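Visitor: Just so you know, this note's numbering puts 64 at position 56 of the sequence shown, and the rest follows in order with no gaps.
Yeah, the Cβ is synthetic: ideal placement off N, Cα and C, and Gly gets one too.
Since the model is a prediction, treat every value here as computed from it, not as a measurement.
So that we are looking at the same thing, I have put the structure below in structure tokens.
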Amino acid sequence: MKHVYGVVPSRRLGRSLGICPIPFKTCNYSCIYCQLGKTTRMTNSRYTFYSPEEILNEAENFIKKYGEKSFDVVTIVGEGEPTLYTPLDKIVEGIRKLTHKPLVLITNGSLLYNTSVRKEVSGFDIVMPTLDAWDEASFRKINRPFGKLSYKEVLKGIVDFSREFNGEIWLEVMLVKDYNDSIEALNFLKERIETISPERVYINVPVRPPAEKGVEIPEKSRIDYARKLLGATSIENLPVSNFLSSESDAIKAVIEIIKRHPMSKDDIKEFLLSEFNEQALEKFFSLASEKYNIEKCSYHGKVFYRYIQRREKR
């Protein structure tokens, strides 16, 4: 499937049926910690990249085949920033007709200053924006926004949305060693978070290979300090379930997940052996890097595989 993937295990949401409405690596940030690598298509302009009907047909086919019991939530999440897609409200309306499960949006929150965006995402049950920075300098250092997008308007957009939204806001903070984990930085973040008043705050750390070298996990003592200061939950302390795919081809099944969620070698082994067989496992590891757009990389002593875009040969 092109737009629907998973089910992916989420530490925050349980079993998540993912829907991606945008092309690969289309975003208005190029975060230093991004697990999908550097952004290749940066824009602040919104488009109807695919028709709502095309996306909803895939979702309907999955739900008909596997049933609602196969997932806990439906998550709109991009291989970049999903609010660059319009009309998101049409996707929300369509999904509501297919399932009664909660509908979640994972977003960097950057376009919530736009009243049209706020209106389109008002129908979600849970919206999960990101806040890693506390001022313009840290914003440009960590998130590296496109064009004239400013920290002030991004923060104001999230605050304004939090006051209008009838669902729940679960805010995520990605902590990166020596970037935003100092006592001073965390105190500033606390002040910003208090203006948003989210229902939940989650602390995440870069546990998968990041876009840039030098991006590291903070010391455990500092993560614990941040968790207490911000009244947050550390994502790594939450349980996780197993991957599931609607693809019948083993290689395609792994690729559809890796495009949105890099997997460790152990994760791939567990997934292929549970969903397919030993032959599928051998085939993937023998051909992955050579034949498919998959990159093998190491991070903190673990081997990961992630999807990459190769330039077409002329």
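Kindly indicate which residue of Pro60, Lys98, Ser242, Ile177 has the alpha-carbon position closest to the one of Ile211.
Guide: Ser242
Visitor: Tell me which same chain residues have a C-beta within less than 6 Å of the C-beta of Cys42, skipping the five on either side of it?
Guide: Ala219
Visitor: Rounded to the nearest angstrom, how far is the Cβ of Lys33 from that of Arg20, given a contact under 8 Å?
Guide: Contact flag wrong, Cβ pair sits at about 23 Å.
Visitor: Determine the contact status of Ile225 and Arg152, defining contact as a CB-CB distance below 8 Å.
Guide: No, they are not a contact pair.
Visitor: Looking at the structure shown, is Leu289 part of a helix, part of a strand, or coil, going by DSSP?
Guide: helix
Visitor: Using the beta-carbon count (16 or more within 10 Å), is Arg171 buried or exposed?
Guide: Counting C-beta atoms within 10 angstroms of its own C-beta, Arg171 has fewer than 16 neighbours from the protein chains shown and is therefore classed as exposed.
Visitor: Taking the alpha carbon of Arg314 as the reference point, which residue from Phe169, Tyr233, Glu227, Glu87 has its own alpha carbon closest?
Guide: Glu87
Visitor: Is the beta carbon of Gly165 closer than 8 Å to that of Tyr93?
Guide: No; because the gap between Cβ atoms is not below 8 Å, this pair is not in contact.
Visitor: Label His108 either buried or exposed according to how many other C-beta atoms from any shown protein chain fall within 10 Å of its C-beta, with 16 as the threshold for buried.
Guide: exposed
Visitor: Give the list of continuous alpha helix (DSSP H) stretches no shorter than 4 residues that lie fully inside the stretch 43-114.
Guide: 60-74, 96-106
Visitor: Let me know the beta strand (DSSP E) ranges lying completely inside the stretch 193-255, each 3 residues or longer, listed in chain order.
Guide: 208-212
Visitor: Specify, as a first and last residue, the run of the alpha helix (DSSP H) that Ile166 falls within.
Guide: 159-172
Visitor: What three-state label does DSSP hand Phe279 in the structure shown?
Guide: helix
Visitor: Using three-state DSSP, classify Lys304 as helix, strand or coil.
Guide: DSSP, read as helix, strand or coil, puts Lys304 in strand.
Visitor: According to DSSP, what are the bridge partners of Val16?
Guide: Ser24
Visitor: Do Arg23 and Phe79 come within 8 Å of each other at the CB atom, strictly closer than that value?
Guide: Cβ atoms of Phe79 and Arg23: closer than 8 Å.
Visitor: Return the Cβ separation of Val3 and Val184 in integer angstroms, given the expectation that the two are a contact with Cβ distance under 8 Å.
Guide: This structure leaves residue 3 out entirely; the chain is present only between 9 and 322.
Visitor: If you reduce the DSSP assignment to three classes, tell me which class Ile177 lands in.
Guide: strand
Visitor: For the beta strand (DSSP E) containing Val135, name the first residue and the last one.
Guide: 134-136
Visitor: So does the stretch 174-189 actually touch the stretch 123-142, counting three or more Cβ pairs closer than 8 Å?
Guide: yes
Visitor: If the criterion is Cβ atoms closer than 8 Å, does the pair Pro31 and His11 meet it?
Guide: no
Visitor: Answer yes or no: do Leu119 and Phe132 have a C-beta to C-beta separation smaller than 8 Å?
Guide: no
Visitor: With which residues is Cys35 paired in a DSSP beta bridge?
Guide: Met50
Visitor: Return the first residue and the last residue of the alpha helix (DSSP H) that Arg126 is part of.
Guide: Its alpha helix (DSSP H) spans residues 123-128.
Visitor: Around the C-beta of Glu264, are 16 or more other C-beta atoms found within 10 angstroms, so that it is buried, or is it exposed?
Guide: buried
Visitor: Counting C-beta neighbours from all protein chains within 10 Å, is the total for Leu246 16 or more, i.e. buried, or is it exposed?
Guide: Residue placement at Leu246 is flagged as unreliable, the pLDDT there being 45, under the threshold of 50; the coordinate-derived value follows with that caveat. With fewer than 16 other Cβ atoms within 10 Å, it is exposed.
Visitor: Who are the Cβ neighbours of Leu25 in its own chain at under 6 Å, not counting the five residues just before and after it?
Guide: Gly14, Val15, Phe79, Val82
Visitor: Whole angstroms is fine: what's the gap from Glu66's alpha carbon to Met9's?
Guide: 7 Å
Visitor: Rounded to whole angstroms, what is the Cα-Cα separation between Arg104 and Val129?
Guide: 13 Å
Visitor: Can you tell me whether Ile84 is buried or exposed, with buried defined as 16 or more other CB within 10 angstroms of its CB?
Guide: buried
Visitor: Apart from the five residues on each side of it in sequence, which residues of its chain come closer than 8 Å, Cβ to Cβ, to Ser292?
Guide: Residue identity differs from the one stated: residue 292 is Phe in this sequence, not Ser. Taken in chain order, the residues that qualify are Ala258, Ile259, Val262, Ile276, Leu280.
Visitor: Please report the residue range of the alpha helix (DSSP H) in which Val262 lies.
Guide: 258-266
Visitor: Start and end of the alpha helix (DSSP H) containing Arg314?
Guide: No alpha helix (DSSP H) contains Arg314, which is instead part of the beta strand (DSSP E) from 310-315.
Visitor: Return yes when the Cβ of Ile204 is within less than 8 Å of the Cβ of Glu176, no when it is not.
Guide: no
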